[in-house]
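J.:
Number of protein chains: 2
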Amino acid sequence: MSVTTAEPARATNLVTTRSIELFSGENQLLLDSGRHFGPVHVAYETYGTLSPSRDNAIFICHALTGDAHAAGFHDVTDRKPGWWDALIGPGRGLDTNRYFVICANVLGGCQGTTGPSSIDPETGRPYGLRFPFITVGDLVSVHSEFVRQLEIDQLLAVVGGSLGGMQVLEWAVRFPHQMRAAVCLASAANLSAQGIAFNAVGRRAISADPNFQNGDYYVHHEKTFGENGCIKHGEGGPRYGLALARMLAHITYLSEMSIEKKFGRRLQHSDQLAYDLQRETEFQIESYLHHQGSRFIERFDANSYLYLTRAMDYFDLAARYGSLELAFARAQARFLITSYNTDWLFPSTQSEELVTALLRASRDTTYLELESVYGHDSFLIEVDQLAELLVPFLEQTRQMVR
Amino acid sequence: MSVTTAEPARATNLVTTRSIELFSGENQLLLDSGRHFGPVHVAYETYGTLSPSRDNAIFICHALTGDAHAAGFHDVTDRKPGWWDALIGPGRGLDTNRYFVICANVLGGCQGTTGPSSIDPETGRPYGLRFPFITVGDLVSVHSEFVRQLEIDQLLAVVGGSLGGMQVLEWAVRFPHQMRAAVCLASAANLSAQGIAFNAVGRRAISADPNFQNGDYYVHHEKTFGENGCIKHGEGGPRYGLALARMLAHITYLSEMSIEKKFGRRLQHSDQLAYDLQRETEFQIESYLHHQGSRFIERFDANSYLYLTRAMDYFDLAARYGSLELAFARAQARFLITSYNTDWLFPSTQSEELVTALLRASRDTTYLELESVYGHDSFLIEVDQLAELLVPFLEQTRQMVR
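Those sequence lines, one after another, are chains A and B.
Under my numbering, think of the first position of the first sequence as 8, with each following residue one higher.
Under my numbering, think of the first position of the second sequence as 8, with each following residue one higher.
1) How should B:V180 be labelled, buried or exposed, when 16 other C-beta atoms within 10 angstroms of its C-beta is the threshold for buried?
2) Examine the ligand SAM and report whether any of its heavy atoms sits within less than 7 Å of the Cβ of A:E152.
3) Taking the runs of the beta strand (DSSP E) that are 3 residues or longer, which of them lie wholly in the segment 76-160 of chain A?
4) Counting along the chain, where does the beta strand (DSSP E) carrying A:M186 start and finish?
5) Please list, in chain order, the chain A residues whose beta carbon lies closer than 7 Å to that of B:L280.
6) Name the DSSP bridge partner or partners of A:F66?
7) When DSSP builds the beta bridges, which residues end up paired with A:H43?
8) With DSSP as the reference, label B:S214 as helix, strand or coil.
9) Below 9 Å on C-beta distance, what does B:L296 contact in chain A?
10) Name, going along the chain, the residues of the segment 253-264 of chain B whose beta-carbon falls closer than 7 Å to a beta-carbon of chain A.
11) Which residues mark the beginning and the end of the alpha helix (DSSP H) in which A:Y247 is found?
12) With a threshold of 16 other CB atoms inside 10 Å of the CB of A:D323, please say whether the residue is buried or exposed.
13) Quick one: Cα of A:V53 to Cα of A:Q201, how far?
14) Please report the straight-line C-alpha distance between A:D2 and A:P46, rounded to a whole angstrom.
15) Closer than 8 Å between beta carbons: that is the criterion. Which residues of the segment 74-90 of chain A meet it against chain B?
16) For B:E359, list the residues DSSP reports as bridge partners.
17) Flag A:S355 as yes if its beta-carbon sits less than 8 Å from any beta-carbon of chain B, otherwise no.
18) For the segment 125-143 of chain B, which residues have a CB atom closer than 7 Å to at least one CB atom of chain A, in sequence order?
19) Which value, in whole angstroms, describes the spacing of the CA atoms of B:T56 and B:V113?
20) Using DSSP with H/G/I as helix, E/B as strand and the rest coil, what is B:V175?
21) When Cβ atoms are compared, which residues of the segment 186-201 of chain B fall closer than 9 Å to chain A?
22) Closer than 8 Å by C-beta to B:L274: which residues in its own chain qualify, once you throw out the five before and the five after it? Chain order, please.
23) Since B:F386 is in the alpha helix (DSSP H), which residue starts that stretch and which ends it?
24) Where A:A368 and A:A336 are concerned, what is the direct C-alpha to C-alpha distance, given to the nearest angstrom?
25) Per DSSP, which one or two residues make a beta bridge with B:F290?
26) For the putative contact between B:A196 and B:G248, defined by C-beta atoms under 8 Å, what is the C-beta separation to the nearest angstrom?
27) So, using beta-carbon positions, are B:G89 and B:G98 closer together than 8 Å?
28) Taking 6 Å as the limit between beta carbons, can you name the residues of its chain near A:F140, skipping five residues before and five after?
29) Enumerated in chain order, which unbroken segments of the beta strand (DSSP E) with a length of 3 residues or greater are wholly contained in the segment 303-360 of chain A?
30) Chain B beta carbons: is any one of them nearer than 8 Å to that of A:Q285?
31) Mind listing the chain B neighbours of A:F307? Cutoff is C-beta to C-beta under 9 Å, in chain order.
32) Are A:R302 and A:K239 touching if we call contact CB-CB under 8 Å?
33) So A:E376 is in the beta strand (DSSP E); what residue range does that whole segment cover?
34) With the cut-off set at 8 Å, would you say B:E152 and B:L21 are in Cβ contact?
35) Which of the three DSSP states, helix, strand or coil, is assigned to B:L396?
36) Along the beta strand (DSSP E) that carries B:S26, what are the first and last residues, could you check?
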């Protein structure tokens, strides 16, 4: 019997977000829009140790509102670890005793990587809407270059869910030699029209907020550091609009079943209906959504939300490469695709499209539709289920002759 | 062969919205909240002729944003007829050669029946949020009294979809002797938690709009008459918030399949992506939603939206009467229930709950899950399919011995 606990002590599990500058000087990034851009600072964290042969690195692509802080604690006083901590660590699904795990904040984000809330070196003011238009391809180009700077020729795997899964797919097609395996969770080759519709309403909530000021709201918007060491986006800006966008998006991340199970029609304040129109949080589900909205605006930047949801809308692997099959014909990696039976934002039918095209393109492909009540959020929650797949898949990949 | 067209000439199909005052003086309405309220003006229209024995009347309960103008034209210059015109008229599903069809705007509405935008006789100003809290039961109490004022002892049928279907169910339970048949389309005994969640976000969009001013925005909000003779709610008020609420709600009325079929990822302005964040309507689905939002604010009042969505949230037939079976044990009517296979706001499972409880309560019950790509909106669109059911069901009801 071991005396260590399953949850390592925080003091032994401390991580720091680091930063690297890319695309500086003449080496600007050529964006999909045709525009050049640089420099780009990339915020990143690593967990575990890179092997001497530099062949055990796994890159995590985070989803829409994620960040580089995927695991561990920034400080012994932190109440919560990184966002995928249950999956990343010694003996976990992504075992840091075996693998060197990297996570970096995306281009256009607001947690350390250059984005619209960053200072434009040319003006000394935040970019705001002068930040260039970005695509999922641009997000991937930045992280691909970052991996080259780390002197890692080939990643063992790139892993991501939702917008992270889109990055995985794009990366496998755009830089095929840079990974041995691609793990795409709860994602798709394009966002559905319904998904675009929800994004459109979220963006409208932000742009219609009078405090949006066409994206130049940063004058009262100083970045500080929050409790967990992440950048805090607090004062000023379209807070109502951003909270509203988050409330709406949050509904799409849950399944009807999980909302029904967790909240149903239960009341927040008592067991009596108030018959009061001004009570905005009468039902528990309302209170929960308002809480999600309020929390979100502390950590996220409204302009980043606009840019990154638009990048999701634009993502369309089939359109870009002629067809999905033609896209995947460029890939070299083996693929693990998962979907979740209650995910209605990225339904299983969209993963099945991926699998069909991968098979047509003769790619080594494993697909599982996993069962979970948690809807789209399942890939963040059902970590044990995921670990059961990832552990043998990664081990198998590692043992395969290159 | 007939020389008349299927669409009768507008000049022969003119209707007028009339108004009746109820609950005046001492005869105030006792609301479910315990408060008394009056007077209530009810805006209504009728189509067809009441039979001498007054036994051929069918009452239409409209949905959330509907009104009394269900059929015909207000003026020969109107471009569009009433909202259910395809179902109501000579030879149609609700055949005005046989039936006397009545439709009335609901309590709390904004198309002629007393609601928050009406003048409070005590203050001479619009009620705003001083309008009393109302329930689906209160909506039904008003229309039930209105039918008594018309000296109709028993309606042949009460018909409605969505919030209209909730009124049908409540009416059948609350005033069982007042109808021979209840037709409940795309509805449920309660709104799902997910439905409450969407309503909560829509209400928040309105209340967070700085022009909401706690409901007292009417100072620049003069009612006029729009092109089709309906009341126009134009200037002032939380227009951004109300449009946003409508855009969101509209997504829930469509099926994923219908959005995909109608819009997919097609672009609005050209066949080239603009790579421009400030283009808010790049995809056709975005343009469509923005258009829906803009149109809606011309005809609807934001306070009415708050009151009526809250009434939907509160509706819970099982909670009110102990159980659904106990609720329906009070009913006398025969029931026709329909759901639509692509309706995810009021899914078929919720109609099946109704049917199970109706059967347990020994009610004469017909249920059909209809196929349609149009999601929740199907009951408004798939009129021929509905007519095929309604024509024999109503005829059968009429021929049954009372």
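Just so you know, even glycine gets a beta-carbon here, dropped at the ideal spot from N, CA and C.
Owing to the predicted nature of the structure, the values given are computational and were not obtained by experimental measurement.
T.: In terms of the structure at hand:
1) Locating residue 180 of chain B in the second sequence gives position 173, where the first residue counts as 1. Buried, by the Cβ-count rule.
2) Absent from the structure shown: the ligand SAM. Ligands present: none.
3) 107-111
4) Looking up residue 186 of chain A in the first sequence gives position 179. Element bounds for A:M186: 186-192.
5) Locating residue 280 of chain B in the second sequence gives position 273, where the first residue counts as 1. Simply Y321.
6) Residue mapping note: residue 66 of chain A aligns to position 59 of the first sequence, counting from 1. Its beta-bridge partners are A:I109, A:V165.
7) Your numbering for residue 43 of chain A matches position 36 in the first sequence. Paired residue(s): A:L37.
8) For the purposes of this step, residue 214 of chain B is taken as the residue at position 207 of the second sequence. In this structure, B:S214 counts as helix in the three-state DSSP scheme.
9) Position 289 of the second sequence, counting from 1, holds the residue named residue 296 of chain B. Residues of chain A passing the Cβ test: A204, A207, V208, R211.
10) M254, L255, I258, E263
11) Against the first sequence, residue 247 of chain A aligns to sequence position 240. It spans 246-260 - the alpha helix (DSSP H) in which A:Y247 sits, taken as one unbroken run.
12) If you number the first sequence from 1, residue 323 of chain A lands on position 316. The residue is buried, with at least 16 neighbouring Cβ atoms inside 10 Å.
13) Reading the first sequence from its first residue, position 46 is the one you call residue 53 of chain A. Reading the first sequence from its first residue, position 194 is the one you call residue 201 of chain A. Before going on, a small fix: residue 53 of chain A reads as Thr here, not Val. If you take the alpha carbons of A:T53 and A:Q201, they lie about 36 Å apart.
14) Nothing can be reported for residue 2 of chain A, as the shown portion of chain A is limited to 8 through 409.
15) none
16) By 1-based counting over the second sequence, the position of residue 359 of chain B is 352. DSSP output for B:E359 lists no bridge partner at all.
17) Start at 1 with the first residue of the first sequence, and residue 355 of chain A comes out as number 348. No, its Cβ sits nowhere closer than 8 Å to a Cβ of chain B.
18) L136, F140
19) Within the second sequence, numbered from 1, the residue matching residue 56 of chain B stands at position 49. Within the second sequence, numbered from 1, the residue matching residue 113 of chain B stands at position 106. Rounded to the nearest angstrom, the two C-alpha atoms are 23 Å apart.
20) Working through the second sequence from its first residue, we reach residue 175 of chain B at position 168. B:V175 falls in the helix class under three-state DSSP.
21) N197, L198, S199, A200, Q201
22) The sequence position of residue 274 of chain B within the second sequence is 267, counting from 1. Closer than 8 Å at the Cβ level, and outside the excluded window around B:L274, lie L280, E289, F290, Q291.
23) Position 379 of the second sequence holds residue 386 of chain B. Element bounds for B:F386: 385-388.
24) Within the first sequence, residue 368 of chain A is the residue found at index 361, counting from 1. Within the first sequence, residue 336 of chain A is the residue found at index 329, counting from 1. The straight-line gap from Cα to Cα measures roughly 5 Å.
25) Taking the first residue of the second sequence as position 1, residue 290 of chain B is located at position 283. Paired residue(s): B:L274.
26) Indexing the second sequence from 1 puts residue 196 of chain B at position 189. Indexing the second sequence from 1 puts residue 248 of chain B at position 241. The Cβ separation is near 30 Å, so there is no contact.
27) Residue numbering aside, residue 89 of chain B sits at position 82 when the second sequence is read from its first letter. Residue numbering aside, residue 98 of chain B sits at position 91 when the second sequence is read from its first letter. Contact flag unset, no.
28) One-based indexing of the first sequence puts residue 140 of chain A at position 133. The answer, listed in chain order, is S40.
29) 341-347
30) Taking the first sequence and counting its residues from 1, the one referred to as residue 285 of chain A is at position 278. So, interface residue.
31) Counting from one through the first sequence, the residue named residue 307 of chain A turns up at place 300. None at all; the shortest Cβ gap to chain B is about 17 Å.
32) Taking the first residue of the first sequence as 1, we reach residue 302 of chain A at position 295. Taking the first residue of the first sequence as 1, we reach residue 239 of chain A at position 232. No. Outside cutoff.
33) Residue numbering aside, residue 376 of chain A sits at position 369 when the first sequence is read from its first letter. Its beta strand (DSSP E) spans residues 372-377.
34) If you number the second sequence from 1, residue 152 of chain B lands on position 145. If you number the second sequence from 1, residue 21 of chain B lands on position 14. Contact flag unset, no.
35) Within the second sequence, residue 396 of chain B is the residue found at index 389, counting from 1. B:L396: helix per DSSP, three-state reduction.
36) Translated into positions along the second sequence, residue 26 of chain B becomes position 19. Counting along the chain, the beta strand (DSSP E) containing B:S26 begins and ends at 25-29.
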